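Its first residue numbered 1, the sequence shown is counted upward by one per residue in the UniProt record's numbering.
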Amino acid sequence: MPYPHPDDPVAFSPDPASLLEAATAAVSDGELTRALALAQQALDAAGDRAMRLQAAHRCAFCLFRLGRLEELVVLFARCWPELRASANQHDLDECLRWAVLAASETGRHAEAMAWAVEGVERARSGERSANLALSLNAMGACYERMGDPWQAERIMLEALSHARLDGGAQALMITLNNLSAVTIGAYHLLRDGIDEADATATLDRAAGYAREAAAMAALTGEPFHRVFIEGNLGEVLLHQRRLDEAQPLLDRALAAAEQGGHQAQVWRIRCTLAEGDLQTDQAARVLARLQPMATEALDQVPAATRIRLHHAMYRACKLLGDTPAALRHHEAGEQLLRRRMAQQLRAQSALLVTRTEAELSRLQAERARLEAQIERARAAELAVRASQDALTGLGNRRYLDEQLPRLLHQAEQQRSELALVLIDIDHFKSINDRFGHRVGDRVLVELAQRLRQGTRSADLIARIGGEEFLVALPETDLHRATEVCERLREQVEHTDWGQHQPGLRVTVSIGLAMAPPHDMAALFDQADRALYRAKQAGRNRVRAG
């Protein structure tokens, strides 16, 4: 039905009941900004306590869904003493949960945890499993935003048991989605070489939670919940390198978030899409996607999303060779991380009352140390770049010159053998000429991946020329080194290269030299002569010097 516009003083009635009725109609029509204006006017005009409480609940609903979280925390803190007297326990519990989530997201951890504890205590004294499940979800969100997604997951698993018992479909769907969100957060902390095995296992858990939530959302979820659920599932699939599945989910979630005015989710999904662009080396697209957000609305973006934004732009600028801009974004992201850690530490100091909270302190300090370690590693990445091949990620010639003498010296001191392997892609110029340099680059990247998979962590791998690679195998005799080379040659020969380009076939020739002698130049010369003999013998074979 039509309703008056709040900016029209002639057509608009100041009666709070009429204002709330119009606000409810605006929510039904998806006009959240208008609904908020109407509800705020109702709150200002209402003299009756019951009407004020209804208006405060409607304002909180709109602010939460619009992502205006700072305003929600201020509103709740102002209205909470009066809200406590409400006879409508359902509205009261909802407002409490929204306030917990908003305070957690905006770094007001002490208030968030105090409200979360109150919410759980209220829910435990009641009889509704759904309310307890959702209150535990809110408490889990506090721990996740305080830097401990593992404690958050444990709390939310308790929520899941209550939701599965008799909490209802919506509580179950929300809990599953929140579990996927906190495990995605844990994955971000574990990846990039921190603990890849645990990171993979954590991402697999996130995928399980997200898929079950998405199946429920397809049947019963309203558009607001689907934005979160499809955004989380899309992010999981993206990190699993399943871009074809992730892209439509993220595009749909972004369109729905923009249409519904869910700005916080718009920003988060854009960051996720930018991370997908980085996977395909589309650095310019990352900047086009994120630059408006970075220049026009950065102060409104939640801190966790801002950290992701700066990290994505840092990586994009680095790929484009814009080192000053990369450093600016790195420094901005590091400053946000330090600020967040300071907020987390202040919050935990206020919460150290029980043994459980003391244990949280230990975990928080460890998490802060880990985050600092991660940032130091990222800060060193630009320096490492100088020793890294940009296309394949392997070491380059500079890296080889730094590392191989160390391995040779170690082998000489221990009187152990070391194998030096030179690998050359057969007829690589013809591949570039026939299929193009893009396909040639894919061949180089895939071969680099084969080398990583077929070697040990102690082995040295480098790209030392256009199509030439080197592998050093410490503590490896001639028989074992020959086996490694033959296995690699066979894997390359039998790879389905047609997936990159129909008709593409790739083979390699391999030259092998053994130390002693422990002289770099002599070993190179020996391996190079062996490689030449492999080429002369017809290519696609291994020869030892």
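C-beta: ideal position from N, C-alpha, C; glycine also.
From a predicted model like this one, the values you see are computed outputs, not experimental measurements.
C-alpha distance - residue i paired with residue j, whole-angstrom precision
{"i": "Thr354", "j": "Glu375", "result": "Any reading at Thr354 must be qualified, since the residue scores a pLDDT of 43, below 50, and its modelled position is unreliable; the value itself is stated next. In a straight line, the C-alpha of Thr354 is about 31 Å away from that of Glu375."}
{"i": "Ala358", "j": "Phe61", "result": "Confidence is the limiting factor: at Ala358 the pLDDT is only 47, short of 50, which leaves the residue's position unreliable, though a coordinate-based value still follows. Cα to Cα, Ala358 sits roughly 34 Å from Phe61."}
{"i": "Leu38", "j": "Ala114", "result": "30 Å"}
{"i": "Ala152", "j": "Gly140", "result": "4 Å"}
{"i": "Arg306", "j": "Glu258", "result": "18 Å"}
{"i": "Gln170", "j": "Gly234", "result": "21 Å"}
{"i": "Pro9", "j": "Leu53", "result": "Low confidence applies to Pro9: its pLDDT is 38, below 50, so where it sits in the model is not reliable, and the reading given next is rough at best. For Pro9 and Leu53, the distance between alpha carbons rounds to 24 Å."}
{"i": "Arg285", "j": "Ala274", "result": "8 Å"}
{"i": "Asp528", "j": "Lys535", "result": "11 Å"}
{"i": "Leu203", "j": "Tyr187", "result": "6 Å"}
{"i": "Arg145", "j": "Gln373", "result": "19 Å"}
{"i": "Cys59", "j": "Leu243", "result": "38 Å"}
{"i": "Gly47", "j": "Ala35", "result": "20 Å"}
{"i": "Met520", "j": "Gly465", "result": "17 Å"}
{"i": "Ile269", "j": "Ala253", "result": "8 Å"}
{"i": "Arg97", "j": "Ala123", "result": "11 Å"}
{"i": "Ser18", "j": "Asp29", "result": "17 Å"}
{"i": "Trp267", "j": "Gln300", "result": "10 Å"}
{"i": "Glu371", "j": "Ala294", "result": "23 Å"}
{"i": "Asn540", "j": "Ile510", "result": "8 Å"}
{"i": "His90", "j": "Ala55", "result": "14 Å"}
{"i": "Trp150", "j": "Val182", "result": "8 Å"}
{"i": "Ala419", "j": "Ala472", "result": "6 Å"}
Nearest-angstrom Cβ-Cβ length linking residue i and residue j, presumed shorter than 8 Å
{"i": "Gly185", "j": "Val227", "result": "So it is not a contact: roughly 18 Å between Cβ atoms."}
{"i": "Glu417", "j": "Glu475", "result": "7 Å"}
{"i": "Leu336", "j": "Gly276", "result": "In fact, because the Cβ distance is near 22 Å, the residues do not count as touching under 8 Å."}
{"i": "Gly147", "j": "Ala368", "result": "7 Å"}
{"i": "Ile229", "j": "Ala213", "result": "5 Å"}
{"i": "Ala513", "j": "Gln499", "result": "The pair is not a contact, with the Cβ atoms about 34 Å apart (cut-off 8 Å)."}
{"i": "Asn137", "j": "Asn88", "result": "With 8 Å as the limit, Asn137 and Asn88 do not qualify as a contact, their Cβ atoms being about 21 Å apart."}
{"i": "Gln110", "j": "Ser104", "result": "A small correction: the amino acid at residue 110 is Ala; Gln does not occupy that position in the sequence shown. Not quite, the Cβ-Cβ distance comes to about 11 Å (not below 8 Å), so this is no contact."}
{"i": "Ala481", "j": "Leu470", "result": "In fact, because the Cβ distance is near 13 Å, the residues do not count as touching under 8 Å."}
{"i": "Glu366", "j": "Asp424", "result": "About 47 Å; that fails the 8 Å criterion."}
{"i": "Ala411", "j": "Ala530", "result": "Actually they are not in contact, since the Cβ atoms of Ala411 and Ala530 sit about 19 Å apart, beyond 8 Å."}
Endpoints, the beta strand (DSSP E) within which residue i is located
{"i": "Arg543", "result": "542–544"}
{"i": "Gly260", "result": "Run containing Gly260: none in the beta strand (DSSP E); it sits in the alpha helix (DSSP H), 243–260."}
{"i": "Gly511", "result": "508–515"}
{"i": "Asp424", "result": "418–425"}
{"i": "Ala472", "result": "468–474"}
{"i": "Ala462", "result": "460–463"}
Candidates the options, of which the one nearest residue i by Cα
{"i": "Ala304", "options": "Arg463, Cys271, Gln403, Asp496", "result": "Cys271"}
{"i": "residue 547", "options": "Ser180, Asp148, Leu134", "result": "For residue 547 there is no data in the structure shown, the boundaries of the chain being 1 and 545."}
{"i": "Leu309", "options": "Gln501, Leu512, Arg164, Leu287", "result": "Leu287"}
{"i": "Ser387", "options": "Arg442, Ile423, Leu460, Asn432", "result": "Leu460"}
{"i": "Ala328", "options": "Ala312, Met341, Arg398", "result": "Here the sequence assigns Arg to residue 328, which means Ala is not the residue at that position. Checking every option, the nearest Cα to that of Arg328 belongs to Ala312."}
{"i": "Thr280", "options": "Gln247, Ala264, Asp251", "result": "Gln247"}
{"i": "Leu394", "options": "Glu446, Glu412, Glu371, Ala130", "result": "Glu446"}
{"i": "Leu83", "options": "Ala50, Ala102, Gly67, Glu71", "result": "Ala50"}
Status (buried if at least 16 other CB within 10 Å, exposed otherwise) for residue i
{"i": "Val73", "result": "buried"}
{"i": "Glu490", "result": "exposed"}
{"i": "Pro16", "result": "buried"}
{"i": "Arg65", "result": "buried"}
{"i": "Asp426", "result": "buried"}
{"i": "Pro517", "result": "exposed"}
{"i": "Ala458", "result": "exposed"}
{"i": "Pro302", "result": "buried"}
{"i": "Lys318", "result": "buried"}
{"i": "Ser125", "result": "exposed"}
{"i": "Gln40", "result": "buried"}
{"i": "Glu334", "result": "buried"}
{"i": "His437", "result": "exposed"}
{"i": "Leu478", "result": "exposed"}
{"i": "Ala326", "result": "buried"}
{"i": "Arg108", "result": "buried"}
{"i": "Arg340", "result": "buried"}
{"i": "Gly67", "result": "buried"}
Extent of the continuous alpha helix (DSSP H) to which residue i belongs
{"i": "Leu523", "result": "520–536"}
{"i": "Asn432", "result": "428–435"}
{"i": "Gly231", "result": "223–239"}
{"i": "Ala85", "result": "From DSSP, Ala85 is part of no alpha helix (DSSP H); its letter is neither H nor E."}
{"i": "Gly276", "result": "263–279"}
{"i": "Asn396", "result": "Looking at the DSSP string, Asn396 is not in any alpha helix (DSSP H), and its letter there is neither H nor E."}
{"i": "Ile172", "result": "In the sequence as displayed, the identity of residue 172 is Leu instead of Ile. 169–190 is the span of the alpha helix (DSSP H), which, as asked, contains Leu172."}
{"i": "Asp166", "result": "149–166"}
{"i": "His109", "result": "109–124"}
{"i": "Ala26", "result": "16–28"}
{"i": "Leu319", "result": "303–319"}
{"i": "Asp44", "result": "32–45"}
{"i": "Met139", "result": "129–145"}
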